[in-house]
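Visitor: In our numbering, the protein residues as written are 38 to 302.
1. Tell me which same chain residues have a C-beta within less than 7 angstroms of the C-beta of residue 111, skipping the five on either side of it?
2. In angstroms, rounded to a whole number, what distance separates the CA positions of residue 289 and residue 140?
3. Where does residue 62 land, buried or exposed, given buried means 16+ other C-beta within 10 angstroms?
4. I'd like the list of long-range same chain contacts for residue 55, defined as Cβ closer than 7 angstroms, with 5 residues on each side in sequence excluded.
5. Using the beta-carbon count (16 or more within 10 Å), is residue 49 buried or exposed?
6. Out of curiosity, what's the CA-to-CA distance linking residue 226 and residue 263?
7. Evaluate the contact criterion for the segment 123 to 139 versus the segment 230 to 249: three or more CB pairs, one atom per stretch, below 8 angstroms.
8. Quick one: residues in its chain with C-beta nearer than 7 angstroms to the C-beta of residue 278, no 5 flanking neighbours on either side, listed in chain order?
9. Would you identify the three-state DSSP class for residue 155, choosing helix, strand or coil?
10. May I ask you to verify whether the segment 184 to 192 touches the segment 207 to 224, counting CB pairs closer than 8 angstroms and requiring at least 3?
11. Exposed or buried, residue 281, counting other C-beta atoms within 10 Å across all chains shown (16 or more means buried)?
12. Can you give me the Cβ contacts of residue 249 inside the same chain, cut-off strictly under 8 angstroms, excluding the 5 residues immediately before and after it?
13. Using CA atoms only, rank isn't needed, just tell me which of 167, 202, 103 is closest to residue 116.
14. Can you name, in chain order, every residue of its own chain whose Cβ lies under 7 angstroms from the Cβ of residue 72, other than the five neighbours on each side?
15. What does a CB cutoff of less than 6 angstroms around residue 200 pick up in its chain, not counting 5 residues either side in sequence?
16. Got a sec: is the Cβ-Cβ distance from residue 68 to anything in chain B below 7 angstroms?
17. Cβ of residue 188 within 7 angstroms of Cβ of residue 142?
18. Pull up the distance between the alpha-carbon of residue 291 and that of residue 53, whole angstroms please.
19. Pull up the distance between the alpha-carbon of residue 128 and that of residue 138, whole angstroms please.
20. Based on the DSSP output, what are the partners of residue 56 in its beta bridges?
21. According to DSSP, simplified to helix, strand and coil, what is residue 287?
22. Buried or exposed for residue 167, please, with buried defined as at least 16 other CB atoms from any protein chain shown within 10 angstroms of its CB.
23. So, residue 253 versus residue 283, is the Cβ gap smaller than 7 angstroms?
In structure tokens, the structure reads:
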């Protein structure tokens, strides 16, 4: 019994609660209210879930007093066994493109999405395996951007809950070299001072923040790391004239690009 508004209240209902992808409690089911007279203090109450009304997964099964929703009377864990179907596609995108892939999990019997179900993903590039874990959202799916270097690997998705049986799904992931554009700036300096060679590197409209630019000028070569899309190098050129220089960007994850410009003393 719960004391509310100076009256003894014995009415309660059952609720099923799951933990969502953010770790919050989310009610997914509420039964009808079980009523009793004010003088009744003991009784057995039974509730039977209809077939296919509870999707496979782990739930908190709780009894709440109907007069005050925050009054948790008692709780336990309900593990609903069942079969699931994992749907996923192959992935093919350029490096650092930001393109995502989506995986969906449904109840095999009803075809309905399975909410807040943990899925294990194992990535294997032939030399090592890396495991990651995802939680389906309220639509029974999750999306993510694969982040690894250029190459090909496999990813195997499987249910990470013992009571949810699902055939593992194996897919291929391909990361391609991304196209780049390199721009070399016209630069100048007075005789006796160093001149700063400058190259700007972009890919897919974004500044590149890796790899190196090789500057070639006056028979010499300089290799400089790219930081936030820019590579610079100060050089000393003795004669007062216009020099042609080239800037070549190269990295394992990107397509090579070359630009040229002038440095005037």
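All C-beta atoms, glycine included, are put in the ideal place defined by N, C-alpha and C.
Guide: Reading from the atomic positions:
1. 100
2. Each residue's alpha carbon lies about 29 angstroms from the other.
3. exposed
4. 63, 65, 94, 96, 152, 153
5. Residue environment analysis places residue 49 among the buried positions, since at least 16 neighbouring C-beta atoms fall within 10 angstroms of its C-beta.
6. Approximately 23 angstroms, taken between the alpha carbons.
7. yes
8. 302
9. Here residue 155 sits in strand by DSSP.
10. yes
11. exposed
12. 260, 261, 262, 263, 268, 286, 287, 288
13. The residue with the shortest Cα to Cα distance from residue 116 is 202.
14. 48
15. 116, 118
16. Reference to chain B is not applicable here, since this structure consists of a single protein chain.
17. Not closer than 7 angstroms, so no.
18. Straight-line measurement puts the Cα of residue 53 at about 50 angstroms from the Cα of residue 291.
19. Distance between the alpha carbons of residue 128 and residue 138 is about 7 angstroms.
20. DSSP output for residue 56 lists 62 as bridge partner(s).
21. strand
22. exposed
23. Yes, the pair counts as a contact, with Cβ atoms nearer than the cut-off.
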